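Trainee:
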Amino acid sequence: MSAHGYGQQHQHGQQQDGQHRHVQGHVQGHGHVPAADLDWDALAAHLEREADLRAGAVTAAGQWLSGLAGEGAVRRVLDVGAGPGVIAGLLAEVFPAAEVVAVDQSAALLERARARSGGRVGTQQADLPEEFDKLGEADLIWSGNAIHHLGDQQAALTALAGRLRPGGLLAVAESGLPPRFLPRDFGLGRPGFQARLDAAHEDGFAAMRAELPGTTEEIEDWPAMLRRAGLVPSGTRTFLVDHPAPLAPSVREYLHTQLVRRHDQLAEVLGPEDRATLEALIDRDGGTGILRRGDAFYLSAMTVHSGRRG
Numbered sequence: 008m009s010a011h012g013y014g015q016q017h018q019h020g021q022q023q024d025g026q027h028r029h030v031q032g033h034v035q036g037h038g039h040v041p042a043a044d045l046d047w048d049a050l051a052a053h054l055e056r057e058a059d060l061r062a063g064a065v066t067a068a069g070q071w072l073s074g075l076a077g078e079g080a081v082r083r084v085l086d087v088g089a090g091p092g093v094i095a096g097l098l099a100e101v102f103p104a105a106e107v108v109a110v111d112q113s114a115a116l117l118e119r120a121r122a123r124s125g126g127r128v129g130t131q132q133a134d135l136p137e138e139f140d141k142l143g144e145a146d147l148i149w150s151g152n153a154i155h156h157l158g159d160q161q162a163a164l165t166a167l168a169g170r171l172r173p174g175g176l177l178a179v180a181e182s183g184l185p186p187r188f189l190p191r192d193f194g195l196g197r198p199g200f201q202a203r204l205d206a207a208h209e210d211g212f213a214a215m216r217a218e219l220p221g222t223t224e225e226i227e228d229w230p231a232m233l234r235r236a237g238l239v240p241s242g243t244r245t246f247l248v249d250h251p252a253p254l255a256p257s258v259r260e261y262l263h264t265q266l267v268r269r270h271d272q273l274a275e276v277l278g279p280e281d282r283a284t285l286e287a288l289i290d291r292d293g294g295t296g297i298l299r300r301g302d303a304f305y306l307s308a309m310t311v312h313s314g315r316r317g
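Be aware that the sequence shown starts at 8, since it is given in my numbering, and climbs by one per residue.
As structure tokens, this is what we get:
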């Protein structure tokens, strides 16, 4: 399980081979992508750009959690579904006295996390939900946009809650707001393109959830789910992710990759006009492409739900 969302909230595909390996669906949406066929360097670079976009929001969330935990209370931190370890590194900066461990099922991404952190962040490979018991105890567990890739979300929260030491915190970054990156009317096709793209993507997310092994329908009231996991809800906060125009080249490349993935996932379900708009946006050479547009920005919001073990 790797923690990077499907459309920020839910960007990944999945596999159904008995082990949930949604990181392998990053590039092809809902398709089956064998690990041996993945370009791990390209995948890791994309995940790092995605996490870097949210660095300020994650740091602010970590500082909020530090205040909830109290001074000196956090000795061990787990980032469950850590991918290449960007967020684990940010948490290590917020909690400099703590052992911080990046948990993921991809050995290739964990190797990237080790190299990126210079040894500051530890790593642990685990296939979830089968191996929750391997994680050990922690004072703070962070899981960002990963729980929704497990069939039984409530069982996953309960398992994570069981890894907390007394007084420990579980922080779940789920829901929030999908990214916006262009004006409502940006001169291509019919206005409101992004809203229609989001609607099609939400349908894809629902289909992904329905196909997960052991999937269970759940009303996604995260504080109530934390309570059912045996925790006392300790607050929910939303953190803004705001990159105004003109965008840095790295952010434009991230958006281009995301739009290429949307094309791969959704081209067949979009109407002809919206499909043509999407193709114009991913044109690397055209002046209407996302790589060259002066009106492109990146605006989103990350919501973090927290619960404390008694």
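C-beta atoms are modelled at their ideal positions from N, C-alpha and C, and glycine is treated no differently.
Bear in mind that the values here come from a model prediction, so they are computed numbers and not experimental data.
Within 10 angstroms of the Cβ of I68, are there 16 or more other Cβ atoms? Answer buried if so, exposed if not.
Mentor: Against the sequence shown, residue 68 aligns to sequence position 61. The question names Ile, but residue 68 in the sequence shown is Ala. Classification of A68: buried, given that the 10 Å Cβ count is 16 or more.
Trainee: Would you please state the rounded distance, in angstroms, between the beta carbons of L189 and A303? I believe it to be under 8 angstroms.
Mentor: What you label residue 189 is simply residue 182 of the sequence shown in a count that begins at 1. What you label residue 303 is simply residue 296 of the sequence shown in a count that begins at 1. Their Cβ separation, rounded to whole angstroms, is 6 angstroms, which keeps L189 and A303 in contact under 8 angstroms.
Trainee: Please report the straight-line C-alpha distance between G90 and L142, rounded to a whole angstrom.
Mentor: Looking up residue 90 in the sequence shown gives position 83. Looking up residue 142 in the sequence shown gives position 135. Each residue's Cα considered, the two are about 16 angstroms apart.
Trainee: Can you tell me which of the three DSSP states I289 falls into?
Mentor: On the sequence shown, position 282 is the one that residue 289 refers to. The answer is coil: DSSP assigns I289 none of H, G, I, E or B.
Trainee: Just the C-alpha distance for G96 and V108, rounded to the nearest angstrom, thanks.
Mentor: The residue given as residue 96 occupies position 89 in the sequence shown. The residue given as residue 108 occupies position 101 in the sequence shown. Roughly 9 angstroms separates the two Cα atoms.
Trainee: Tell me which residues share the same chain as S241 and place their Cβ nearer than 7 angstroms to its Cβ, disregarding the 5 neighbours each side in the sequence.
Mentor: Position 234 of the sequence shown, counted from the first residue, corresponds to residue 241. Result list for S241: L75, L176, S313, G314 and R315, in chain order.
Trainee: Check each candidate in G63, V110 and L117 and name the one with the smallest Cα separation from E100.
Mentor: If you number the sequence shown from 1, residue 100 lands on position 93. When each option's Cα is compared against that of E100, the closest is G63.
Trainee: Is the beta carbon of A168 sitting closer than 7 angstroms to the one on A236?
Mentor: Numbered from 1 along the sequence shown, position 161 holds the residue referred to as residue 168. Numbered from 1 along the sequence shown, position 229 holds the residue referred to as residue 236. Contact: yes.
Trainee: Indicate whether A4 and R56 have their beta-carbon atoms separated by less than 7 angstroms.
Mentor: One cannot answer for residue 4 here, as it falls past the ends of the chain, which runs 8 to 317.
Trainee: Got a sec? Which residues, its chain only, sit under 7 angstroms from Q201 by beta carbon, not counting five neighbours each side?
Mentor: As a first step, residue 201 is located in the sequence shown; it is residue number 194 there, counting from the start. Closer than 7 angstroms at the Cβ level, and outside the excluded window around Q201, lie R187 and L189.
Trainee: Which value, in whole angstroms, describes the spacing of the CA atoms of Y261 and L72?
Mentor: Within the sequence shown, numbered from 1, the residue matching residue 261 stands at position 254. Within the sequence shown, numbered from 1, the residue matching residue 72 stands at position 65. The straight-line gap from Cα to Cα measures roughly 28 angstroms.
Trainee: Looking at the structure shown, is G36 part of a helix, part of a strand, or coil, going by DSSP?
Mentor: Residue numbering aside, residue 36 sits at position 29 when the sequence shown is read from its first letter. Any reading at G36 must be qualified, since the residue scores a pLDDT of 34, below 50, and its modelled position is unreliable; the value itself is stated next. In this structure, G36 counts as coil in the three-state DSSP scheme.
Trainee: Just grab the DSSP bridge partners of L247 for me.
Mentor: The count along the sequence shown starts at 1 and reaches residue 247 at position 240. DSSP output for L247 lists A308 as bridge partner(s).
Trainee: Between which two residues does the beta strand (DSSP E) holding R2 run?
Mentor: This structure leaves residue 2 out entirely; the chain is present only between 8 and 317.
Trainee: Taking buried to mean at least 16 other C-beta atoms within 10 Å of its own C-beta, is G125 buried or exposed?
Mentor: If you number the sequence shown from 1, residue 125 lands on position 118. Exposed, because fewer than 16 other Cβ atoms sit within 10 Å of the Cβ of G125.
Trainee: Nearest CA to the CA of A133: which residue from L238, L85 and L98?
Mentor: Taking the sequence shown and counting its residues from 1, the one referred to as residue 133 is at position 126. Of L238, L85 and L98, the residue nearest in Cα terms is L85.
Trainee: What is the residue span of the beta strand (DSSP E) that R172 lies within?
Mentor: Here residue 172 refers to the residue found at position 165 when the sequence shown is read from its first residue. Segment L171 to A180, the beta strand (DSSP E) holding R172.
Trainee: Please report the residue range of the beta strand (DSSP E) in which T130 lies.
Mentor: Here residue 130 refers to the residue found at position 123 when the sequence shown is read from its first residue. G129 to Q132 is the span of the beta strand (DSSP E), which, as asked, contains T130.
Trainee: Hey, how far is the Cα of M232 from the Cα of G294?
Mentor: Counting from 1 along the sequence shown, the entry for residue 232 is found at position 225. Counting from 1 along the sequence shown, the entry for residue 294 is found at position 287. Roughly 47 angstroms between the two C-alpha positions.
Trainee: Nearest to V248 by alpha carbon, out of A104, D159 and Y305?
Mentor: Locating residue 248 in the sequence shown gives position 241, where the first residue counts as 1. Of the listed residues, the one whose Cα sits closest to V248 is Y305.
Trainee: Throw me the rounded Cβ distance for the L98 and W149 pair, which I believe falls under 8 angstroms.
Mentor: One-based indexing of the sequence shown puts residue 98 at position 91. One-based indexing of the sequence shown puts residue 149 at position 142. Contact holds; Cβ gap of about 6 angstroms.
Trainee: Less than 8 angstroms between the CB atoms is what I'm expecting for L298 and R259, so what's the real figure, rounded?
Mentor: Taking the first residue of the sequence shown as position 1, residue 298 is located at position 291. Taking the first residue of the sequence shown as position 1, residue 259 is located at position 252. L298 to R259, Cβ: 5 angstroms. Contact.
Trainee: Could you tell me the boundaries of the alpha helix (DSSP H) in which G151 lies?
Mentor: In the sequence shown, the residue the question calls residue 151 occupies position 144. Run containing G151: none in the alpha helix (DSSP H); it sits in the beta strand (DSSP E), A145 to G151.
Trainee: Exposed or buried, T264, counting other C-beta atoms within 10 Å across all chains shown (16 or more means buried)?
Mentor: Stepping through the sequence shown from its first residue, residue 264 is reached at position 257. Looking at its Cβ environment, which holds 16 or more other Cβ atoms inside 10 Å, T264 is buried.
Trainee: F246 to L254, Cα distance in whole Å?
Mentor: As a first step, residue 246 must be located in the sequence shown, where it is residue number 239. As a first step, residue 254 must be located in the sequence shown, where it is residue number 247. Each residue's alpha carbon lies about 20 angstroms from the other.
Trainee: Which value, in whole angstroms, describes the spacing of the CA atoms of R282 and G301?
Mentor: Counted from its first residue, the sequence shown places residue 282 at position 275. Counted from its first residue, the sequence shown places residue 301 at position 294. If I take the Cα positions, the gap works out to 22 angstroms.
Trainee: Got a sec, what are the start and stop residues for the beta strand (DSSP E) E209 sits in?
Mentor: Looking up residue 209 in the sequence shown gives position 202. Taken as a continuous stretch (DSSP letters only), E209 belongs to no beta strand (DSSP E), being part of the alpha helix (DSSP H) at F200 to E218.
Trainee: Return the first residue and the last residue of the alpha helix (DSSP H) that V101 is part of.
Mentor: Within the sequence shown, residue 101 is the residue found at index 94, counting from 1. Looking at the DSSP string, the run of the alpha helix (DSSP H) that includes V101 is V93 to V101.
Trainee: Please report the straight-line C-alpha distance between T243 and A166, rounded to a whole angstrom.
Mentor: Taking the first residue of the sequence shown as position 1, residue 243 is located at position 236. Taking the first residue of the sequence shown as position 1, residue 166 is located at position 159. Their backbone Cα atoms lie some 20 angstroms apart in a straight line.
Trainee: What did DSSP end up calling G74 once you bin it into helix, strand or coil?
Mentor: On the sequence shown, residue 74 is found 67 positions in, with the first residue counted as 1. The answer is helix: DSSP assigns G74 an H, G or I state.
Trainee: DSSP puts R83 in a beta bridge; with which residues?
Mentor: Locating residue 83 in the sequence shown gives position 76, where the first residue counts as 1. DSSP, once it has assigned bridges, lists E106 as partnering R83.
Trainee: Which two residues bound the contiguous alpha helix (DSSP H) that contains A122?
Mentor: As a working mapping, residue 122 is identified with position 115 in the sequence shown. First-last of the alpha helix (DSSP H) with A122: A114 to S124.
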